[in-house]
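Remarks on the structure that follows.
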Amino acid sequence: MRVARSVVLIGGLLTVLLMVGCGPGAKDQQIQALQEQNSRLRAENADLRSRLAQALAERDQARAALAQLQRQPVAPQATGRWHEFEGIAWTDIAENILFDSGKANVKPQGLAELQSVLNELKQNWPDRQVWIVGHTDSDPIKHSKWADNLELSVERGAAVFRQLQKMGIDPTRMVAAGQGEWAPKVPNTTAANKQLNRRVQIIAVRVPPPQTGIQSAAEERG
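Under this note's numbering, the first residue of the sequence shown carries the number 857, and numbering increases by one thereafter.
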């Protein structure tokens, strides 16, 4: 019995010694692993923040280029002629090709023109976003259902958006908008100038992808 008790006591002491000897080492390893993981997360977070800042800077640059483009007078050219300026390509389609006066339904003639524009977009700028912006002259709305020129221009931009979507452009690549009479190509001083201002712009814009995913990841890990 004494021998058995001695064996039990010795076994218990060995167990305690092993626990005392291994405990701190295991904790040190766990702490080291957590520190390494924290370092990796900090590095990933810094990388995500850097990528986000770069993407936002590129987006702001594209917006600034578009604003400058719209401020610059452009000599009237034939429909279907594309212009390029700092990563932006655009063309104007005259109102009388796309729509009847005061209407926002695309005419058959307009469908043919949009198909031509679509082919050019696919060939030259397949990865860019496509902004569709309606414009009017400065004559006030009198005999139609639209509240004002802005509403008419927005509806025309949306109508072209829908037609291009039917023709195969991914709607997530497109933006429809309208500026009414507020972004004329030329002053609305003559009937000829007003006709030039009644148009829809198709703009191929090089912009970064949506930032939601990057920003969310950065916030979660920050």
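By construction, the Cβ of each residue, glycine as well, lies at the ideal position given by its N, Cα and C atoms.
What you are looking at is a predicted structure, and each value in this text was computed from that prediction instead of being measured.
* Cα-Cα, which of Val989, Ala1048, Glu1011, Asn901 is closest to Asn961? -> Position 105 of the sequence shown holds residue 961. Nearest C-alpha to Asn961: Glu1011.
* Asked: Is it buried or exposed for Thr1045, if we count other Cβ within 10 angstroms and need 16 for buried?
  -> As a working note, residue 1045 is residue 189 in the sequence shown. So Thr1045 counts as exposed.
* Tell me whether the beta-carbon of Val989 lies closer than 8 Å to the beta-carbon of Ile1059. => For the purposes of this step, residue 989 is identified with residue 133 of the sequence shown, where counting begins at 1. For the purposes of this step, residue 1059 is identified with residue 203 of the sequence shown, where counting begins at 1. Yes; because the gap between Cβ atoms is below 8 Å, this pair is in contact.
* Take Asp948 as the anchor and find which of Ala1047, Ser994, Lys1041 has the nearest alpha-carbon. => Within the sequence shown, the letter at position 92 stands for residue 948. For Asp948, the nearest C-alpha among the options comes from Lys1041.
* To do: State the start and end residues of the unbroken alpha helix (DSSP H) segment that holds Gly1013.
  => Taking the first residue of the sequence shown as 1, we reach residue 1013 at position 157. Here the alpha helix (DSSP H) through Gly1013 covers 1005–1023.
* Assign Thr947 to one of three DSSP states: helix, strand, or coil. => As a first step, residue 947 is located in the sequence shown; it is residue number 91 there, counting from the start. Strand, per DSSP.
* Rounded to a whole number of angstroms, what is the C-alpha to C-alpha distance between Gly958 and Asn901? -> Counting from one through the sequence shown, the residue named residue 958 turns up at place 102. Counting from one through the sequence shown, the residue named residue 901 turns up at place 45. Rounded to whole angstroms, Gly958 to Asn901 spans 53 Å at the Cα level.
* Asked: Where does the unbroken beta strand (DSSP E) through Gly990 begin, and where does it stop?
  -> Within the sequence shown, numbered from 1, the residue matching residue 990 stands at position 134. First-last of the beta strand (DSSP E) with Gly990: 985–991.
* To do: Count the other C-beta atoms from every protein chain shown that fall within 10 angstroms of the C-beta of Asn1005, then say buried if there are 16 or more, exposed otherwise.
  => Here the question's residue 1005 lines up with position 149 in the sequence shown. Counting Cβ neighbours within 10 Å, Asn1005 comes out buried, since at least 16 surround it.
* Asked: Cα separation between Leu977 and Ala889?
  -> Counted from its first residue, the sequence shown places residue 977 at position 121. Counted from its first residue, the sequence shown places residue 889 at position 33. If I take the Cα positions, the gap works out to 52 Å.
* Buried versus exposed, by CB contacts within 10 Å (16 or more), Leu897 -> Locating residue 897 in the sequence shown gives position 41, counting from the first residue. With fewer than 16 other Cβ atoms within 10 Å, it is exposed.
* To do: Have a look at Arg1055 and Asp993 and give me their C-alpha separation to the nearest angstrom.
  => As a first step, residue 1055 must be located in the sequence shown, where it is residue number 199. As a first step, residue 993 must be located in the sequence shown, where it is residue number 137. Those two C-alpha atoms are separated by around 9 Å.
* Where do the N-terminal and C-terminal ends of the alpha helix (DSSP H) with Gly966 fall, by residue? -> What you label residue 966 is simply residue 110 of the sequence shown in a count that begins at 1. Its alpha helix (DSSP H) spans residues 964–980.
* Look up Gly881 in the DSSP assignment and say whether it is helix, strand or coil. => The count along the sequence shown starts at 1 and reaches residue 881 at position 25. Helix.
* To do: Check the DSSP bridge columns for Gln1080 and list the partner residues they point to.
  => The structure shown does not extend to residue 1080, since the chain is modelled only from 857 to 1078, so the question has no answer here.
* Cutoff 8 Å; reference Asn980; Cβ partners in own chain excluding five residues on either side -> Taking the first residue of the sequence shown as position 1, residue 980 is located at position 124. Hits under 8 Å: Trp938, Ala945, Ala1060.
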